[in-house]
Amino acid sequence: MRRKKEIERVFREGKRLEGRWFRFILLPKEEEIPRILVVVGRKVGKAVVRNRIKRAVREGFRKHKDLFGGLDLVVIAKPPVGTIEEPGEIERIFLREFEEVRDASGNTAHQRGLREEEETA
RNA sequence: GGGAGAGGGUUGGGGGCCGCGGGGACCCCCGAGGUCCCCGAGGAAGGUCCGGACUCCGCAGGGCAGGCCGCUCGGCGCAAGCCGAGAGGGGGCGACCCCUGGAAAGUGCCACAGAGAACAGACCGCCGAUCCGGCUCGGGGGUUAUCCCCCGGGCGUCAUGGAGGCAAGGGUGAAACGGUGGGGUAAGAGCCCACCGCCGGGGCCGUGAGGUUCCCGGGCACGGUAAACCCCGGCCGGAGCAAGGCCAAAUAGGGAGGCGCUUGAGGGUGGCCCGCCCGAUGCCUCCGGGUAGGCCGCGUAGAUGCAUGGCCCCCGAGAAACAGAAUCCGGCCUAGUACCCUCUCCCCUUU
RNA sequence: GGCGGCGUAGCCAAGCGGUUAAGGCGAGGGACUGCAAAUCCCUUAUUCCCCGGUUCGAAUCCGGGCGCCGCCU
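For the first sequence, our numbering begins at 2 and goes up steadily by one.
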């Protein structure tokens, strides 16, 4: 995402999910093609560290677009991410945490079905 | 063979797959689409410590204040700074390294300790020659008197007791008015002498910082601190690309208070003054309201929610450290991996 | 990106180059009380953010780092 208005719309209307390493903001949309925005603040680290995180997260997004179908996604890195040196490690943590947080929130129809089963049981 | 010093260089390479930013060409079902080609982080891009370009402040004028630089000469440069050759001081066996205007222009400050701290001082100590005291001898006098006074001599002894002399030694301190030896003296002291050191002048050498085995003078006084004020010399107007410019959008030119209309409020982004310029239903403060999108600046890397990456294999036993352009350029400083090249020094061994 | 400011005890903080580094809050101990509160007394800095330098001497002066905070679109 590159347009200011679109980005602000995601911040305004999106659903916020908290993880230990990242914060996610999701906004479902009509198109199937997902878009991403990575935010890494100054407190996370120096320029090199911040660039590494952005690249790793984008790489993970690029390789697993099927996970994010129909979403505009904002990923905000929290300070602990800056301590991880390996790009591959950052990528794995990002993907794993996205799935954990999404499943816990019951965002998909599949998950909603599961929760209904749990409630009835 | 081992250790060390100086200077310089590079900051992985090749391949495969999947990607990112910019530019160009072509294609199309015209969509922020596809294909191909080209370009795409650093030696520090960093800290923002100095300079400069550039932009605006009417001109960038004068003075004060302020900032930066500081051994000498030469070179480059507007400058900061760098390079070369030297000077003085300090460190190292050495190669070599580190420091650098002025303290006899003035002012300030040197705590504590110590006797004394800026043209200082006498605590312990040394001496006690001289004078006073004491003892004694001789002479004279007051006198009846082995008692007193005066003069002169002596004291190895009484005593260092005082007046006083001294600054060598001890001790204090970051720092105490030069060192060694001799003479000298009561004891001492540059008090005197010799040598060493120091200071001043001249000569000579050097463009200069300075040097001096030469000559003369001075017994010797002049402490430290300018990363304290300051003085000397050189440079600097102020801000900063969020500078600044263009287009578009937006709403009332609203309310309250204050100042002022040429004898001028206020302003022209300079810390102050002067000069200069602008200046009238104008300026300042507060309240209330609206808009904050794009382009240029901006680049043979170049964006603006901000690109240069990921995985795997090989290349020596091993691919890594520090680190990511944001207007550009020159320095300084800081961070740090692996390796290469040139020169040099010391030690050990062998010949 | 640029321009400023600040780091002193757990917290808030003062500090002409020379003391044992003020003071307040808090905390701990003691006194008082039948027990408390209030009050009184005592204790609480050893790298003054870190590393160098100047100086006889540095929290203070000068460099260089580090970490916070603010302003400018």
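For every residue, glycine included, the Cβ atom is placed at its ideal position computed from N, Cα and C.
- Ranking Arg13, Glu98, Arg36 by CA distance to the CA of Lys79 puts Glu98 first.
- Taking the CA atoms as reference points, Glu19 sits about 15 angstroms from Leu28.
- At the C-beta level, Asp73 and Val11 come within 9 angstroms of one another.
- Annotation: Asn52 to Val45 spans about 11 angstroms, alpha carbon to alpha carbon.
- Cβ-Cβ separation between Val39 and Lys55: approximately 5 angstroms, consistent with a contact (criterion under 8 angstroms).
- Membership of Glu19 in the beta strand (DSSP E) is indicated by the continuous run 16 to 19.
- For the pair Phe69 and Pro35, the Cα-to-Cα distance works out to about 6 angstroms.
- For a cut-off of 8 angstroms, the C-beta gap from Ala48 to Glu92 is around 20 angstroms, too long to register as a contact.
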